[in-house]
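Have a look at the structure below before the remarks.
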Amino acid sequence: MPGCIFAPYFPPEEPHKFANVHKIFGASNVTKLLNELLPHQREDAVNSLAYEAEARVRDPVYGCIGSISYFQRQVHRLQKELDAANADLVHYGLSTSTPGNVVDLVFQPQPFPPQPLNPVYRLSGASPVMTQQPRGTGGSYGTFLPWNNGHDQQGGNM
Amino acid sequence: MNPKRCAACRYLRRRCPKDCVFSPYFPPNNPEKFACVHRIYGAGNVSKMLQQLPVQTRAEAVESLCFEATCRIEDPVYGCAGMISLLQTQIQKTESFLARTQAEITVAQIKHSQNQHSEFM
Numbered sequence: 001m002p003g004c005i006f007a008p009y010f011p012p013e014e015p016h017k018f019a020n021v022h023k024i025f026g027a028s029n030v031t032k033l034l035n036e037l038l039p040h041q042r043e044d045a046v047n048s049l050a051y052e053a054e055a056r057v058r059d060p061v062y063g064c065i066g067s068i069s070y071f072q073r074q075v076h077r078l079q080k081e082l083d084a085a086n087a088d089l090v091h092y093g094l095s096t097s098t099p100g101n102v103v104d105l106v107f108q109p110q111p112f113p114p115q116p117l118n119p120v121y122r123l124s125g126a127s128p129v130m131t132q133q134p135r136g137t138g139g140s141y142g143t144f145l146p147w148n149n150g151h152d153q154q155g156g157n158m
Numbered sequence: 001m002n003p004k005r006c007a008a009c010r011y012l013r014r015r016c017p018k019d020c021v022f023s024p025y026f027p028p029n030n031p032e033k034f035a036c037v038h039r040i041y042g043a044g045n046v047s048k049m050l051q052q053l054p055v056q057t058r059a060e061a062v063e064s065l066c067f068e069a070t071c072r073i074e075d076p077v078y079g080c081a082g083m084i085s086l087l088q089t090q091i092q093k094t095e096s097f098l099a100r101t102q103a104e105i106t107v108a109q110i111k112h113s114q115n116q117h118s119e120f121m
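In order, the protein sequences belong to chains S and B. Residue numbers for the first sequence follow the UniProt record's numbering, beginning at 1 and rising by one. Residue numbers for the second sequence follow the UniProt record's numbering, beginning at 1 and rising by one.
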């Protein structure tokens, strides 16, 4: 139908995309959400809603949170390994040549359910490796949009 | 009927029955919790989702729905998919730093053993 707000984002060859979104969020809620966004933001919004809806269909209890928890554990594990490796470098009398400014994403309080109403970014070095994306403005996340990486990136359940 | 309506029934301006699916998870002293979930998912969808779950998993499901709804309100474009994206970026960068540091350690270990060898000579 002309002027259909969904048409650009839900192609007929992907019926499951809309089916999931409709099942979890409802068509009218999605319409409201999209109408509150600028046109250039809507495609990413739809893709993120579809991603979350699919995660919720696969895991009706935890949805996306399972993935977040899995990735947070990975971040903590890697940070510990990096700290240990840097300590080894110091042992050899070398200063850590890595910038050491990996940004920690710390949610308070921990652990699940994480309540990152105000996620805290802790800088451990001179300058951030990545800058905090402006919230609520649809700042670009570059190539690391989860729906571009395939569902293998969703990680395990909690 | 519950003597005190749960936050959901209060928000929806209806009576709160004894078997209200929302009342164990949306206490009347936290109206924002239901408002947030209702805004993103709608009461009907949340009710359907909860009814399809075993009772012992519903509390966790509500907490995760609240979390995702909060993320979506704070970031209407990316919601918690944005958080996943940031975590994946952080993982990639940390792995890269780790690989570089481990390579430097290997070089340092080789130099160290070469120095020790030349001292014996």
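Where is the CB? At the ideal position from N, CA and C, for every residue including glycine.
- Do the CB positions of S:V75 and B:T94 come within less than 8 Å of each other? On the first sequence, residue 75 of chain S is found 75 positions in, with the first residue counted as 1. On the second sequence, residue 94 of chain B is found 94 positions in, with the first residue counted as 1. With respect to the 8 Å criterion, S:V75 and B:T94 are classified as neighbours on the basis of their beta carbons.
- Cross-chain neighbours of B:N45 in chain S, by beta carbon under 9 Å: In the second sequence, residue 45 of chain B corresponds to position 45, counting from 1. Result: K23, I24, F25, G26 and N29.
- Message: Which residues in chain S have a C-beta closer than 7 Å to the C-beta of B:Q52? List them in chain order.
- Response: As a first step, residue 52 of chain B must be located in the second sequence, where it is residue number 52. In chain order: P60.
- Task: Apply the 10 Å Cβ neighbour rule to B:D19 and answer buried if 16 or more other Cβ atoms are within range, or exposed otherwise.
- Result: Here the question's residue 19 of chain B lines up with position 19 in the second sequence. By the neighbour-count definition (other C-beta atoms within 10 Å, threshold 16), B:D19 is an exposed residue.
- Message: Going by DSSP, what residue range makes up the alpha helix (DSSP H) through S:E52?
- Response: One-based indexing of the first sequence puts residue 52 of chain S at position 52. For S:E52, the enclosing alpha helix (DSSP H) starts and ends at P39 to R58.
- Message: List, from N- to C-terminal side, the alpha helix (DSSP H) runs of 4 residues or more that fit wholly inside the stretch 86 to 114 of chain B.
- Response: Listed in chain order, there is nothing to give.
- B:S118 to B:I110 span [Cα, whole Å]: Taking the second sequence and counting its residues from 1, the one referred to as residue 118 of chain B is at position 118. Taking the second sequence and counting its residues from 1, the one referred to as residue 110 of chain B is at position 110. If you take the alpha carbons of B:S118 and B:I110, they lie about 12 Å apart.
- Name the two residues that bound the continuous alpha helix (DSSP H) containing B:P31. As a working note, residue 31 of chain B is residue 31 in the second sequence. Element bounds for B:P31: P31 to Y41.
- Item | Spatial distance of S:P12 from S:N35 (CA atoms) | Within the first sequence, numbered from 1, the residue matching residue 12 of chain S stands at position 12. Within the first sequence, numbered from 1, the residue matching residue 35 of chain S stands at position 35. Cα atoms of S:P12 and S:N35: separation of roughly 22 Å, rounded to the nearest angstrom.
- Using three-state DSSP, classify B:Q52 as helix, strand or coil. What you label residue 52 of chain B is simply residue 52 of the second sequence in a count that begins at 1. DSSP places B:Q52 in coil when its eight states are reduced to three.
- Task: Measure the Cβ-Cβ separation of S:F71 and B:L98 and say whether it is below 8 Å.
- Result: Sequence index remark: in the first sequence, residue 71 of chain S carries index 71 (1-based). Sequence index remark: in the second sequence, residue 98 of chain B carries index 98 (1-based). No. Outside cutoff.
- When the distance is taken between beta carbons, is B:A43 closer than 8 Å to B:L12? Mapped onto the second sequence, residue 12 of chain B falls at position 12. Mapped onto the second sequence, residue 43 of chain B falls at position 43. Going by C-beta atoms, B:L12 is nearer than 8 Å to B:A43.
- Query: For a contact meaning CB atoms closer than 7 Å, what does S:F71 contact in chain B?
  - Reply: Here residue 71 of chain S refers to the residue found at position 71 of the first sequence. Within 7 Å Cβ-Cβ: I84, L87, Q88 and I91.
- Item | For S:I68, three-class secondary structure by DSSP | By 1-based counting over the first sequence, the position of residue 68 of chain S is 68. In the three-state reduction of the DSSP assignment, S:I68 falls in the helix class.
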